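Protein chains: 2
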Amino acid sequence: MSEKGERSREHILATAKRLVMDKGFAGTSIDDILKAAGVSKGAFFHHFRSKADLASQLMRWHSAQDIRMFRDLAARAEALHDDPYEQLQFYLKAFEGYISNPTEPSRGCMYAVYTYESEAFDEDVNDVVAETLREWSAIYIRKFQEVIDRYPPARPVTAKELAEMIVSLIEGGLILQRAYGNTAITARQSEHFRAYLDMLFAPSMAASN
Amino acid sequence: MSEKGERSREHILATAKRLVMDKGFAGTSIDDILKAAGVSKGAFFHHFRSKADLASQLMRWHSAQDIRMFRDLAARAEALHDDPYEQLQFYLKAFEGYISNPTEPSRGCMYAVYTYESEAFDEDVNDVVAETLREWSAIYIRKFQEVIDRYPPARPVTAKELAEMIVSLIEGGLILQRAYGNTAITARQSEHFRAYLDMLFAPSMAASN
DNA sequence: TTTTAAACATACCATTCAGTCTGTTTCAGA
DNA sequence: TCTGAAACAGACTGAATGGTATGTTTAAAA
Numbered sequence: 003m004s005e006k007g008e009r010s011r012e013h014i015l016a017t018a019k020r021l022v023m024d025k026g027f028a029g030t031s032i033d034d035i036l037k038a039a040g041v042s043k044g045a046f047f048h049h050f051r052s053k054a055d056l057a058s059q060l061m062r063w064h065s066a067q068d069i070r071m072f073r074d075l076a077a078r079a080e081a082l083h084d085d086p087y088e089q090l091q092f093y094l095k096a097f098e099g100y101i102s103n104p105t106e107p108s109r110g111c112m113y114a115v116y117t118y119e120s121e122a123f124d125e126d127v128n129d130v131v132a133e134t135l136r137e138w139s140a141i142y143i144r145k146f147q148e149v150i151d152r153y154p155p156a157r158p159v160t161a162k163e164l165a166e167m168i169v170s171l172i173e174g175g176l177i178l179q180r181a182y183g184n185t186a187i188t189a190r191q192s193e194h195f196r197a198y199l200d201m202l203f204a205p206s207m208a209a210s211n
Numbered sequence: 003m004s005e006k007g008e009r010s011r012e013h014i015l016a017t018a019k020r021l022v023m024d025k026g027f028a029g030t031s032i033d034d035i036l037k038a039a040g041v042s043k044g045a046f047f048h049h050f051r052s053k054a055d056l057a058s059q060l061m062r063w064h065s066a067q068d069i070r071m072f073r074d075l076a077a078r079a080e081a082l083h084d085d086p087y088e089q090l091q092f093y094l095k096a097f098e099g100y101i102s103n104p105t106e107p108s109r110g111c112m113y114a115v116y117t118y119e120s121e122a123f124d125e126d127v128n129d130v131v132a133e134t135l136r137e138w139s140a141i142y143i144r145k146f147q148e149v150i151d152r153y154p155p156a157r158p159v160t161a162k163e164l165a166e167m168i169v170s171l172i173e174g175g176l177i178l179q180r181a182y183g184n185t186a187i188t189a190r191q192s193e194h195f196r197a198y199l200d201m202l203f204a205p206s207m208a209a210s211n
């Protein structure tokens, strides 16, 4: 990242990420990664002590990228809009744009891959997965709470359950997307969720104007 | 299933299913399955030509079980209730009971496992996954359509998008469930979805009485 | 009782895999 | 220019893995 030496490590991580998302972690051999990345075994084992170490570094690297993106998106939403509901809508729409980007269609979710092979990983790696998902939820929870506080919902809902719902919809959408070979499903789920939010909050928003 | 010889095949399939759901397909070796099932290599390769053939038979076997369960649930719902909305509620609640069964807590979803390792499987196996998910959706779609026809929803929704939503919520919930080690999440998502349905249909149900 | 095929058991084989070992190159600093 | 360490290259190894070959048991039909 900072030095030139990081280039190769990041290149290996990026290649591994692509392969692991396509074939799973156990289904991806080190040789597969070497071949796809065009690096030697010496280079690989210079940066990673073992395949388990790759798993750990890969998840931490990917998690750091994601958390940065979540926070960037949240910061942009807050810079552009004052109203928490508008911030939320912006955030959700921005994510829809990101997930259905046609140049780099989403292959799925790294956390789902790790979750479904959790037995293969060290406990601390699984903890990173859970913590990243929690961090992601937390961004939603904060925003939902602000919205709920300002616009009493038509039905009593908690910020936590709404956050859990959108995360579930996205994770589930990514699975259906892969299974059906249709890259539009997750964004559609998010749109539908926004329509649900409209039902919940539109009445009291109208009343407050 | 019918003959005694089927016992061993089914025993291998059931064992493989458990292991594959815990460790993924690539992460489960044939020897793992032999050891866990207490059968010999000869027995295994008598019933399955290769590991890929196991993958195929396992998915078809599992899919057949699931589809039978979906249809049984739907039939029971229709036997117990006349009103399509009550049938739907029964169906969803029954599934919640099944998924959060404490004696056999759900390890996740087989289709998700296969989806995230899809590169490893033959095209026809991936087709079985997609078709089973569609079959599952179709049961929801039929019921949602009946409900929509009888009770005009508060917001224009299609049966298809509602079906896609509950399937996504369940799939996503199963991931979060594994990641967090909390076996209650999927059932909670389903409950939340039922609350959403109430918002959609309760007004016109009240009007029709 | 004999025959026959399915159902199993086990030793074995070739390949792949993660990981090691022994170097060579690169390049920053003295 | 020299030194030393980081970065890399690639041949090699032992264990694991998928798969085979060959033989034995079982059980039902003839």
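Order-wise, the sequence lines are chains H and Y. The numbering of the first sequence is our numbering, which starts it at 3 and goes up by one. The numbering of the second sequence is our numbering, which starts it at 3 and goes up by one. For every residue, glycine included, the Cβ atom is placed at its ideal position computed from N, Cα and C. Please read all numbers here as calculations on a predicted model, not as lab measurements.
CA-CA distance, residue i and residue j?
{"i": "Val130 (chain H)", "j": "Met61 (chain H)", "result": "7 angstroms"}
{"i": "Ser206 (chain H)", "j": "Tyr153 (chain H)", "result": "5 angstroms"}
{"i": "Gly7 (chain H)", "j": "Ala45 (chain H)", "result": "In this predicted model, Gly7 (chain H) has a pLDDT of only 41, less than 50, meaning its place in the structure is not dependable; the value taken from the coordinates is given anyway. Cα to Cα, Gly7 (chain H) sits roughly 11 angstroms from Ala45 (chain H)."}
{"i": "Tyr93 (chain H)", "j": "Ala79 (chain H)", "result": "6 angstroms"}
{"i": "Glu163 (chain Y)", "j": "Arg51 (chain H)", "result": "47 angstroms"}
{"i": "Val115 (chain H)", "j": "Gln59 (chain Y)", "result": "23 angstroms"}
{"i": "Met3 (chain H)", "j": "Thr105 (chain Y)", "result": "Low confidence applies here, because Met3 (chain H) scores a pLDDT of 31, under 50, leaving its location unreliable; read the following figure in that light. Straight-line Cα distance between these residues: approximately 49 angstroms."}
{"i": "Ser42 (chain H)", "j": "Glu12 (chain H)", "result": "15 angstroms"}
{"i": "Pro155 (chain H)", "j": "Ala209 (chain H)", "result": "12 angstroms"}
{"i": "Ala54 (chain H)", "j": "Lys25 (chain H)", "result": "16 angstroms"}
{"i": "Ser31 (chain H)", "j": "Gly174 (chain H)", "result": "27 angstroms"}
{"i": "Ala77 (chain H)", "j": "Gln91 (chain H)", "result": "13 angstroms"}
{"i": "Tyr100 (chain Y)", "j": "Ser108 (chain Y)", "result": "9 angstroms"}
{"i": "Glu5 (chain H)", "j": "Ala16 (chain H)", "result": "Reliability of the predicted coordinates at Glu5 (chain H) is poor, the pLDDT of 35 falling under 50, and no value is obtained from them."}
{"i": "Glu88 (chain Y)", "j": "Ser102 (chain Y)", "result": "21 angstroms"}
{"i": "Phe123 (chain H)", "j": "Ala57 (chain H)", "result": "7 angstroms"}
{"i": "His237 (chain Y)", "j": "Ala38 (chain Y)", "result": "Absent from the model: residue 237 (chain Y). The displayed extent of chain Y is 3 to 211, so no value can be given."}
{"i": "Gly183 (chain Y)", "j": "Lys19 (chain Y)", "result": "20 angstroms"}
{"i": "Asn128 (chain Y)", "j": "Ala181 (chain H)", "result": "7 angstroms"}
{"i": "Ser10 (chain Y)", "j": "Gly40 (chain Y)", "result": "10 angstroms"}
{"i": "Ala186 (chain H)", "j": "Cys111 (chain H)", "result": "15 angstroms"}
{"i": "Gln147 (chain Y)", "j": "His49 (chain Y)", "result": "43 angstroms"}
{"i": "Ala28 (chain Y)", "j": "Gly29 (chain H)", "result": "5 angstroms"}
{"i": "Ala96 (chain Y)", "j": "Glu121 (chain H)", "result": "30 angstroms"}
{"i": "Ala204 (chain Y)", "j": "Trp63 (chain H)", "result": "47 angstroms"}
Over the uninterrupted alpha helix (DSSP H) stretch that includes residue i, give me the two end residues.
{"i": "Ser192 (chain H)", "result": "Ile187 to Ala209"}
{"i": "Val238 (chain Y)", "result": "Residue coverage of chain Y in this structure runs from 3 to 211, which leaves residue 238 (chain Y) outside it and unanswerable."}
{"i": "Tyr182 (chain Y)", "result": "Ala161 to Tyr182"}
{"i": "Gly99 (chain Y)", "result": "Pro86 to Ile101"}
{"i": "Tyr142 (chain H)", "result": "Glu125 to Arg152"}
{"i": "Arg62 (chain H)", "result": "Lys53 to Leu82"}
{"i": "Phe47 (chain Y)", "result": "Lys43 to His49"}
{"i": "Ala38 (chain Y)", "result": "Ile32 to Ala39"}
Could you tell me how far apart the beta carbons of residue i and residue j are, in whole angstroms, since I believe they sit closer than 8 angstroms?
{"i": "Ser139 (chain H)", "j": "Glu166 (chain H)", "result": "7 angstroms"}
{"i": "Ala161 (chain H)", "j": "Ile143 (chain H)", "result": "5 angstroms"}
{"i": "Leu213 (chain H)", "j": "Asp34 (chain H)", "result": "Here chain H comprises residues numbered 3 to 211, so residue 213 (chain H) is not present and cannot be evaluated."}
{"i": "Arg196 (chain H)", "j": "Met201 (chain Y)", "result": "About 15 angstroms separates the two Cβ atoms, so there is no contact after all."}
{"i": "Leu178 (chain H)", "j": "Val169 (chain Y)", "result": "7 angstroms"}
{"i": "Thr117 (chain H)", "j": "Ser65 (chain H)", "result": "In fact, because the Cβ distance is near 13 angstroms, the residues do not count as touching under 8 angstroms."}
{"i": "Leu171 (chain H)", "j": "Leu171 (chain Y)", "result": "6 angstroms"}
{"i": "Leu176 (chain Y)", "j": "Thr188 (chain Y)", "result": "5 angstroms"}
task = Assess, as a yes-or-no matter, whether the region 67-78 of chain Y is touched by the region 192-199 of chain H under the definition of 3 or more beta carbon pairs within less than 8 angstroms.
result = no
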